[in-house]
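Encoded as structure tokens, the structure appears first; notes follow it.
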Amino acid sequence: VVICPRQGRLAFAPDSPEWFAWLATQSSFRFVGRQGRFTAHHEVLRVPNGAWRAHRHIRNHSYTLRLGPTHDLTSTVLEQAATALQAHLK
Numbered sequence: 001v002v003i004c005p006r007q008g009r010l011a012f013a014p015d016s017p018e019w020f021a022w023l024a025t026q027s028s029f030r031f032v033g034r035q036g037r038f039t040a041h042h043e044v045l046r047v048p049n050g051a052w053r054a055h056r057h058i059r060n061h062s063y064t065l066r067l068g069p070t071h072d073l074t075s076t077v078l079e080q081a082a083t084a085l086q087a088h089l090k
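Per my numbering, the sequence shown runs over residues 1 to 90.
Quick look at the structure:
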């Protein structure tokens, strides 16, 4: 399910062409997965070709993971990043 704060529930599924088109218009989004959550930011100015990064603040420490370019942001990549960031709680 894709929920946009401005538009509500969107009528497309992750990993669809509509998903990647929507991502290309965003500067950030929040991901809540099965194993964890994070905020993703599109770093257009600092990173060539605008790579995405996942951010999570846990116990007064900030953690960041590189996600890659927009066309790589599949649900599998997002779930793996959420799991990796969640591991910092243990």
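Note that the Cβ used here is the ideal one computed from N, Cα and C, for glycine as well.
{"Check": "Using a Cβ-Cβ cut-off of 8 Å (strictly less than) and excluding sequence neighbours within five positions of T70, which residues of its own chain qualify?", "Outcome": "F20, L23, A24, H42, G50, W52"}
{"Check": "From what residue to what residue does the alpha helix (DSSP H) around S75 run?", "Outcome": "75–86"}
{"Check": "Measure from the alpha carbon of E79 to the alpha carbon of each residue in V44, C4, R30, then state which is nearest.", "Outcome": "R30"}
{"Check": "Taking DSSP as the reference, what is the three-state secondary structure of T39?", "Outcome": "strand"}
{"Check": "In three-state DSSP terms, what is T25?", "Outcome": "coil"}
{"Check": "Could you check how far apart the C-beta atoms of L67 and A84 are, in whole angstroms? I think they sit under 8 Å.", "Outcome": "About 11 Å; that fails the 8 Å criterion."}
{"Check": "So if DSSP puts H55 in a beta bridge, which residue, or which two residues, is it bridged to?", "Outcome": "T39, T64"}
{"Check": "Considering only DSSP beta bridges, list what R30 is partnered with.", "Outcome": "T39"}
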